[in-house]
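Accompanying notes for the structure given below.
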Amino acid sequence: MKRSLLLLVLFYFLSACTHKAYVAPVVVAPVGCDTTVVTYHADIKPMLAANCYSCHATAVTQGGGLDLEDFTSLKAYLQNGFRGDGVYGSKLYHCMLHSSLALPMPPTYVVDSCSLNKVKRWMDQGGVNN
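Letter by letter, the sequence shown follows residues -21 to -1, 1 to 109 of mature numbering (1 follows the signal peptide of the UniProt record, and there is no 0).
Rendered as structure tokens:
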């Protein structure tokens, strides 16, 4: 009787074991994030206004802080922190990315990936005032 019960329990545990094939996750590009043509006035400036101008606009900084609303100041900041060791980008990009290379900005949340991709694309295009 014990042997039958032991075989029954063993059979139960063995039949409960199943193998499910690993399915690799599919990386999906964000829907509606078109980075083929990125312009300062249509894409970058509205994103900066939504995420940065509360602390980094001309009226807020009054000449005493980083003014991202003024294009000349923004362009100078784009050049700040370019590295020669193969790490991409400027200090602005790394701040928005919340990387360990710069102070995270905005400090309370990370900008969405579509906006980050647009900033990177715009910088790749030379960061022009278009």
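Think of the CB as a built atom: it goes at the ideal place given N, C-alpha and C, for glycine as much as any other residue.
The structure presented is a predicted model; accordingly, all values stated were derived computationally and were not measured.
- Between the alpha carbons of residue 53 and residue 102 lies a gap of roughly 12 Å.
- When the alpha-carbon of residue 28 is set against those of 15, 80 and 46, the nearest one is in 46.
- For residue 30, the uninterrupted alpha helix (DSSP H) segment begins and ends at 24 to 30.
- DSSP places residue 96 inside the alpha helix (DSSP H), whose first and last residues are 92 to 103.
- Note that the C-beta distance between residue 85 and residue 31 is below 8 Å.
- For residue 48, the closest of 26, 87 and 58 by C-alpha to C-alpha distance is 26.
- Between residue 90 and residue 98, the alpha-carbon positions lie close to 11 Å from each other.
- Judged by DSSP in its simplified three-state form, residue 41 adopts coil rather than helix or strand.
- Residue 18 is positioned such that its CB atom lies no closer than 8 Å to that of residue 100.
- DSSP, reduced to helix, strand and coil, places residue 36 outside both helices and strands of the structure shown, so it counts as coil.
- In the structure shown, residue 81 falls within a coil segment according to DSSP collapsed to helix, strand and coil.
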